[in-house]
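J.: Line order of the protein sequences matches chains H and R. Okay, so the first sequence: first residue is 18 according to our numbering, each after it adds one. Okay, so the second sequence: first residue is 627 according to our numbering, each after it adds one.
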Amino acid sequence: MTSAVSETKTNANNIQGILVNDTENENRKRTAEEKEKEEENNNRHLYVVIEQEEGKILPASFEMLGEGRRLMDNFNSKYNPKENVVAIILGHNIKHLCQELIYHGADAVICADHPELRYPRNLLYTKIISQIATDKSSAAQISSSNNTFNKPRYMFFSADDTGRHLSSTVLAELESGLASDINKLVINDLEIRHEHKTKGKPISYKKTLEMYRPDFSGFLWTTILCLDNLNPENKKEFYPQACSIIPGVFPQIERDTNRNGKVIDFTPTILQEDLKVKIIGRRTIKNKVDFNNKKAIVSFGRGIKENAEQNIKLIENFAKEIEAEIGISLPISKKPYIINENLSSTYMIPDRVIGTSGRKVNPLVYFAVGISGAVQHIAGMKEAEFVISINPDAEAPIIDESDIFIKGKIEEVLPLLIKEIKKYKEKMQIPQEVK
Amino acid sequence: MLNPSGTLNVAVIVKLEPDFSEGNVSYNSDGTLNRAETKNVLGPHSAVASSAALYAKVKYGANVSVATMGPPIAEAALQQSQLICNADELHLYSDRIFAGADTLATSEVLRAGIKKMANEQGIDIVFSGHRASDGETGQTGPQTAWKLGYPFIGNVIDYDIDKERGYVRLQRLIKNYGHNDIIEELESPLPVFITLDPSYSPFFNTVSQRLNLALNQNDAEKRSSRYKEYLKTFSAQSLELNLKSVGLPGSPTIVYKVEKIPRAKANRKADIIDGYSQENLSQVARRIYGILGETIIK
Chain H
18 MTSAVSETKT
28 NANNIQGILV
38 NDTENENRKR
48 TAEEKEKEEE
58 NNNRHLYVVI
68 EQEEGKILPA
78 SFEMLGEGRR
88 LMDNFNSKYN
98 PKENVVAIIL
108 GHNIKHLCQE
118 LIYHGADAVI
128 CADHPELRYP
138 RNLLYTKIIS
148 QIATDKSSAA
158 QISSSNNTFN
168 KPRYMFFSAD
178 DTGRHLSSTV
188 LAELESGLAS
198 DINKLVINDL
208 EIRHEHKTKG
218 KPISYKKTLE
228 MYRPDFSGFL
238 WTTILCLDNL
248 NPENKKEFYP
258 QACSIIPGVF
268 PQIERDTNRN
278 GKVIDFTPTI
288 LQEDLKVKII
298 GRRTIKNKVD
308 FNNKKAIVSF
318 GRGIKENAEQ
328 NIKLIENFAK
338 EIEAEIGISL
348 PISKKPYIIN
358 ENLSSTYMIP
368 DRVIGTSGRK
378 VNPLVYFAVG
388 ISGAVQHIAG
398 MKEAEFVISI
408 NPDAEAPIID
418 ESDIFIKGKI
428 EEVLPLLIKE
438 IKKYKEKMQI
448 PQEVK
Chain R
627 MLNPSGTLNV
637 AVIVKLEPDF
647 SEGNVSYNSD
657 GTLNRAETKN
667 VLGPHSAVAS
677 SAALYAKVKY
687 GANVSVATMG
697 PPIAEAALQQ
707 SQLICNADEL
717 HLYSDRIFAG
727 ADTLATSEVL
737 RAGIKKMANE
747 QGIDIVFSGH
757 RASDGETGQT
767 GPQTAWKLGY
777 PFIGNVIDYD
787 IDKERGYVRL
797 QRLIKNYGHN
807 DIIEELESPL
817 PVFITLDPSY
827 SPFFNTVSQR
837 LNLALNQNDA
847 EKRSSRYKEY
857 LKTFSAQSLE
867 LNLKSVGLPG
877 SPTIVYKVEK
887 IPRAKANRKA
897 DIIDGYSQEN
907 LSQVARRIYG
917 ILGETIIK
């Protein structure tokens, strides 16, 4: 990601209202020409790269179609000519999936069905997705427009392992910009003034995709734009404007069997060279950390820090007492504390992360211990039936996701709570034994 | 086939990142990272990549070069990586023009650097980390691989080289969030570009490997204490880069704005309980029991 600070101003809704001097007027004229040029460019449509595993479309792919549909419906009500949501799907024996993609919001599906495409392999998939993204004849079947097609205007990938790698290599091949882990998207006309892109002059960029990405802390939102270089010294067009989208953040649209769309068969060109990475075996393994079969989850965050080791032991005891699985917030997976190696390698690991960069869970009871409640974490636990937080700070955002908020320090609250639970268990067990 | 020298040549790409460990990391009162107060270290995923190079050195007698792009202080990452993998060479790609690069422009510099190594000595494997712990895009590795024309293989948890055939055999972990994970076994001719899964850890299973490991670790300490003797610095010019394809000019993307994520609407109305009152906690225990019931009391 760039660390460049760009001097920008949001949109040109009221350009006419701005007083400008002569040189700026000159600039505006040039801007108008640029605008026309932009209108003429041959980059069209939103292409969405679908993922499927053994003939099952992954939910994140339907979510991307849902968001794509919403964006392009707005786009088409604002701009002319109309543009489409185009799904790209690769695999073997997958023709029957194409109609599903249309029911879930695609206007057209480009399908490459070939035995070699059964499982994603980065090299081969990158070649074929890039072929599809620059294929004029498939694009001609999508819309009847007479214009020739260059590249997609926008392109979406899923921010899972496969999609993240593919987005990177495809965009390296297409030589355009890519933002990762996006959770909000807006299409807008923006007035940009940037030291390099516009050589410091204000220029209006039409139909620009604003890609919002939460940073690692979960408290900052960075908006990334992919913009043509309009600097006279280094002009360059950058399409598609592409991003990878966090699974689970956008809603799917309701499956509608009345929706119509075109299915285009794409015959891929596969060279011997593209097949040099061979899959020898593939096996499914059970996750070591199993959140699905536990009725309770106890998660901890940076709030444990004052006495990390002792607090983790307390949490371990507490979880054992109520038969809960243990989760963590993202910062903990970076192993920020030096503690007993065994505890560290058992608990401070990516497999336990709950949130957008980990698992989504919905237990009967979720305990958030020393967790402040960054948006990424909340996305992973908000479906829990009942939420109990332990935190000394009643201002922490997690309070808005809690049914019970226990105000206090972990090291003082947990021992008391464990004691009370034990008492309860004893009380309830005795009569059972009598029976 | 292996490169013509007959020695396995390995490159590692690393990054200097904020140190997220307690005592070194500093957060602002609003929860964001205080970059000025936070120290920088070799990123944790870069350390994993370095340990994969150590495995190549111990097991296959590889020649290892570590590279990074960054300002002069990024030397620290090279030194820390050398301490892990006993690197034979350290390459710093440093030029003012590289500043402000997005992943595509960064990978252009790394491509040129690795290409230079490949032209001079031949390269069989490039290792890099899963993703940086600050940027967290995970894009730079695969983009560099693509520009180099090397097959990209990510999330690798184990690898072994067949030097005779010039092949690598690997296992990779594919996470299917919410579903069961998949282990995939692959084979590819060299050269390849590998990013390691965060769970990767080299395993030395024979006595001779363990002896070799000890020798390398000993050597690594000596070398990294005099790391500057192993360090070469390259500018855009010495990498023969087109200045329009690096730094700001070579970046398709810009950061348009940074804002605080607005606090979401409250979804629940919390009962706030004083956590130091035994009576209150007794009530909480009762409610927990009410929900979990027989699960916890058998």
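Backbone N, C-alpha and C fix where the C-beta goes; we use that ideal spot for every residue, glycine too. Note that this is a predicted model, so its numbers are computed, not measured.
Given 8 Å as the limit, is there contact between the region 766 to 778 of chain R and the region 736 to 753 of chain R, that is, 3 or more CB pairs closer than that?
T.: Between the region 766 to 778 of chain R and the region 736 to 753 of chain R there are three or more C-beta pairs closer than 8 Å, enough to call the two in contact.
J.: With a threshold of 8 Å, are at least 3 pairs of Cβ atoms found where one atom belongs to the region 662 to 680 of chain R and the other to the region 807 to 818 of chain R?
T.: no
J.: What residues from the region 305 to 324 of chain H come within 7 Å of chain R, judged by C-beta to C-beta, listed N to C?
T.: K312, A313, K322
J.: To which residues does DSSP link A10 (chain H) through a beta bridge?
T.: Only positions 18 to 452 of chain H appear in the structure, and residue 10 (chain H) is not among them; the question remains open.
J.: Starting from L207 (chain H), trace the beta strand (DSSP E) in both directions and tell me its first and last residue.
T.: 201 to 210
J.: What did DSSP end up calling V833 (chain R) once you bin it into helix, strand or coil?
T.: In the structure shown, V833 (chain R) sits in a helix (DSSP, three-state: H, G or I).
J.: Would you decide whether T821 (chain R) is buried or exposed? Buried here means 16 or more other CB atoms lie within 10 Å of its CB.
T.: buried
J.: T284 (chain H) by DSSP, collapsed to three states: which one?
T.: coil
J.: In chain order, what residues of the region 191 to 224 of chain H put their CB closer than 9 Å to some CB of chain R?
T.: E192, S193, G194, L195, A196, S197, D198, L207, I209, H211, E212, H213, K214
J.: Going along chain R, which residues have a C-beta under 8 Å from D417 (chain H)?
T.: R889, A890, K891, A892, N893, R894, A896
J.: Mind listing the chain R neighbours of I287 (chain H)? Cutoff is C-beta to C-beta under 9 Å, in chain order.
T.: Within 9 Å Cβ-Cβ: nothing; I287 (chain H) doesn't reach chain R, min ~15 Å.
J.: Can you tell me where the beta strand (DSSP E) with A125 (chain H) in it begins and where it stops?
T.: 125 to 130
J.: Distance check for Y826 (chain R) and I435 (chain H), CA to CA, integer angstroms please.
T.: 36 Å
J.: For chain H, find out if any of its Cβ atoms is closer than 8 Å to the Cβ of A744 (chain R); answer yes or no.
T.: no
J.: Does the beta-carbon distance from V392 (chain H) to I887 (chain R) come in below 8 Å?
T.: yes
J.: For K224 (chain H), which option in H:I199, H:P257, H:K218 has the closest C-alpha, if you only look at C-alpha atoms?
T.: H:P257
J.: Can you name, in chain order, every residue of its own chain whose Cβ lies under 6 Å from the Cβ of K253 (chain H), other than the five neighbours on each side?
T.: N246
J.: Answer yes or no: does any C-beta atom of chain H fall closer than 8 Å to that of D900 (chain R)?
T.: yes
J.: Rank H:D273, H:G122, H:N139 by C-alpha distance to the C-alpha of V187 (chain H) and give the top, closest one.
T.: H:N139
J.: Note down, in chain order, each residue of its chain lying with its Cβ closer than 6 Å to the Cβ of E358 (chain H), except the 5 sequence neighbours on either side.
T.: none
J.: Between V294 (chain H) and the ligand GTP, is the CB less than 7 Å from at least one heavy atom?
T.: With respect to the ligand GTP, the structure offers nothing, as it holds no ligand at all.
J.: Might you give, ordered along the chain, the residues of its own chain that have their beta carbon closer than 8 Å to the beta carbon of I800 (chain R), omitting 5 neighbours on each side?
T.: N781, D807, I808, I809, E810
J.: Consider the Cβ of Q904 (chain R): report whether some Cβ of chain H lies at a distance smaller than 8 Å.
T.: yes
J.: Helix, strand or coil for D39 (chain H) per DSSP?
T.: With a pLDDT of 49 at D39 (chain H), under the threshold of 50, the predicted position of this residue should be treated as unreliable, though the coordinate-derived value follows. In the structure shown, D39 (chain H) sits in a helix (DSSP, three-state: H, G or I).
J.: Starting from the beta carbon of A411 (chain H), find every residue of chain R whose beta carbon is closer than 8 Å, and list them in chain order.
T.: Chain R residues near A411 (chain H): I898.
J.: In or out: Q158 (chain H) buried (at least 16 other Cβ within 10 Å) or exposed?
T.: exposed
J.: Counting C-beta neighbours from all protein chains within 10 Å, is the total for E227 (chain H) 16 or more, i.e. buried, or is it exposed?
T.: Flag for E227 (chain H) reads buried.
J.: Just the chain R side, please: which residues come within less than 7 Å of H182 (chain H) by C-beta, in chain order?
T.: Chain order gives the chain R residues near H182 (chain H) as P768, F778, G780, where near means a beta carbon separation below 7 Å.
J.: Please list the residues of the region 270 to 296 of chain H that have a C-beta atom closer than 7 Å to any C-beta atom in chain R, keeping them in chain order.
T.: Of all residues in the region 270 to 296 of chain H, K293, V294, K295, I296 have a Cβ within less than 7 Å of some Cβ in chain R.
J.: Whole beta strand (DSSP E) runs in the region 805 to 881 of chain R with 3 or more residues, listed along the chain?
T.: 807 to 815, 818 to 822, 857 to 860
J.: Less than 8 Å between the C-beta atoms of M365 (chain H) and Y383 (chain H), yes or no?
T.: no
J.: Rounded to whole angstroms, what is the Cα-Cα separation between E321 (chain H) and A411 (chain H)?
T.: Note that residue 321 (chain H) corresponds to Ile in the displayed sequence, not to Glu. I321 (chain H) and A411 (chain H) have their C-alpha atoms some 16 Å from each other.
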